[in-house]
Amino acid sequence: MHAQSAEIYEKFKSCHAYETALELKAEGKIRHFGISFHDKASVLEQILDENPQIEVVQIQFNYVDYEDASVESRKCYEVCRKYGKPVIVMEPVKGGSLINLPREAQEILDGLHGGSNASYAIRFAAGFDGIMMVLSGMGNMEMMRDNISFMKDFVPLSAKEQEAIVKVREIFRAQGLIPCTACRYCTDGCPKQIAIPDLFACLNAKKQFQNWNTDYYYNNVHTKEGSRASDCIKCGKCEHICPQHLPVRELLTEVAKEFDK
Ligand code: SF4
Ligand code: SF4
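Position in the sequence shown (first residue = 1) + 17 = the numbering used here.
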């Protein structure tokens with residue numbers, strides 16, 4: 018049951034989706050019954066309470082979102098443990114955001130003289146009790162080889178590595194970047210065809226690196242006439258669907274201020 022949240026759960030309940038899935042399971046057409054989840058821990062608790070048949074829960078879990086007030090990774094994980102549900106991790110590298118780190122943060126990880134940035138993020142997530150699987154998007158053979166290299170004989174982060182991750186998290190969060198994971202759920206329904214995650218990435222890159230390149234990408238790659246951030250008509254369709262609950266309209270106003278002056 019994909020992307021459950023308070024709003025989507027109500028919709029699933031109203032069309033008896035859970036009952037239907039369980040019937041299909043009883044008929045042997047479904048082998049396992051689980052949910053992926055994007056909302057507050059209290060909502061997850063309600064869903065698990067009302068549906069004890071749920072076998073597994075997939076949550077967003079990475080070292081930056083661990084204590085994030087909107088994602089509540091740690092709290093959601095704790096609810097899964099309380100209800101004895103194995104956890105599947107999604108977004109362990111936060112949509113790739115934990116690969117390109119700010120210089121200061123990169124220096125901290127380089128100081129460990131160990132693996133790739135992805136390896137620290139994935140090992141962080143995989144090191145908790147009850148984690149059944151860590152899902153990581155891989156775009157090429159090199160990424161797959163890297164992931165296999167440190168997950169084959171898995172070793173959790175050492176105390177020194179944990180300390181480094183805490184410092185990286187602080188640096189990351191101090192930058193005030195837009196926490197968009199580039200899932201692109203929002204783009205299909207946008208009547209102005211605004212490339213929302215790409216425009217957020219432009220603003221994030223500008224904040225992080227202050228380079229001219231972001232203006233080039235904004236103007237020539239990610240926008241066309243009528244689909245700039247300032248063309249948003251504030252219909253709100255994107256906000257209904259965003260699993261990160263981002264105030265997209267407000268954030269696009271920020272993007273427009275920077276790039277559509
Ligand atoms: S609020 Fe703006 S960005 Fe969101 S769907 Fe509507 S037009 Fe697109
Ligand atoms: S704004 Fe939300 S829905 Fe759109 S890509 Fe980012 S996280 Fe996904």
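For every residue, glycine included, the Cβ atom is placed at its ideal position computed from N, Cα and C.
As the structure is a prediction and not an experimental result, all values here were calculated from the model.
- By the neighbour-count criterion, in which a residue is buried when 16 or more other Cβ atoms sit within 10 angstroms of its Cβ, SER136 is buried.
- Under the DSSP assignment, SER59 falls in the alpha helix (DSSP H) whose first and last residues are 58-67.
- A direct Cα-Cα distance of roughly 14 Å separates GLU267 from CYS197.
- If you draw a 10 Å sphere on the C-beta of ILE116, you find fewer than 16 other C-beta atoms in it, and that means exposed.
- Secondary structure note for VAL106: its beta strand (DSSP E) is the uninterrupted segment 104-107.
- Here ILE71 carries a coil assignment [DSSP, helix/strand/coil].
- When secondary structure is reduced to three states using DSSP, PHE145 falls in the coil class, being assigned neither helix nor strand.
- TYR80 has its alpha-carbon roughly 8 Å from the corresponding atom of VAL183.
- Distance from VAL74 to GLY51 at the Cβ level is roughly 6 Å; contact confirmed, criterion being Cβ atoms closer than 8 Å.
- Distance from ILE105 to MET168 at the Cβ level is roughly 15 Å; contact not present, criterion being Cβ atoms closer than 8 Å.
- Residue list for ligand 1: CYS203, GLY206, CYS207, PRO208, LYS209, ILE211, ILE213, CYS249, ILE250, LYS251, CYS252, GLY253, LYS254, CYS255, GLU256, VAL265, ARG266 and LEU269 (CB closer than 7 Å to any heavy atom, chain order).
- Shown here, PHE50 sits in coil according to DSSP, grouped into three states, outside any helix or strand.
- In the structure shown, GLN21 adopts extended strand secondary structure according to DSSP, grouped into three states.
- In this structure, the alpha-carbon of GLU242 lies about 44 Å from that of TYR94.
- Taking C-beta atoms as the reference points, SER244 and ALA273 fail to come closer than 7 Å.
- Set against 6 Å, the gap from the CB of LEU263 to the closest heavy atom of ligand 2 is smaller.
- Per the DSSP secondary-structure output, ILE76 pairs in a beta bridge with PHE54 and VAL106.
- Taking SER175 as the centre and dropping the five residues before and after it, the same chain places no C-beta closer than 7 Å to its C-beta.
- CA-CA distance, CYS249 to ALA218, rounds to 17 Å.
- Comparing alpha-carbon positions, the option among GLN70, LYS57, LEU61 and ARG98 lying closest to GLU84 turns out to be LYS57.
- The shortest C-alpha to C-alpha distance from GLU108 to any of ARG120, GLY154 and ILE148 is the one to GLY154.
- Here VAL88 carries a coil assignment [DSSP, helix/strand/coil].
- For secondary structure counted as the alpha helix (DSSP H) over 4 or more consecutive residues, the stretch 158-231 holds these complete runs in sequence order: 158-168, 176-191 and 213-226.
- Residue side-chain check: ALA218 keeps its Cβ at 6 Å or more from all non-hydrogen atoms of ligand 2.
- Residue state for VAL238 is assigned as helix, using DSSP reduced to three classes.
- Its chain contains no residue whose beta carbon lies nearer than 7 Å to that of ASP146 once the 5 sequence neighbours on both sides are disregarded.
- Taken through DSSP and simplified to helix, strand or coil, VAL96 comes out as helix.
- Per DSSP, reduced to three states, the secondary structure at VAL151 is strand.
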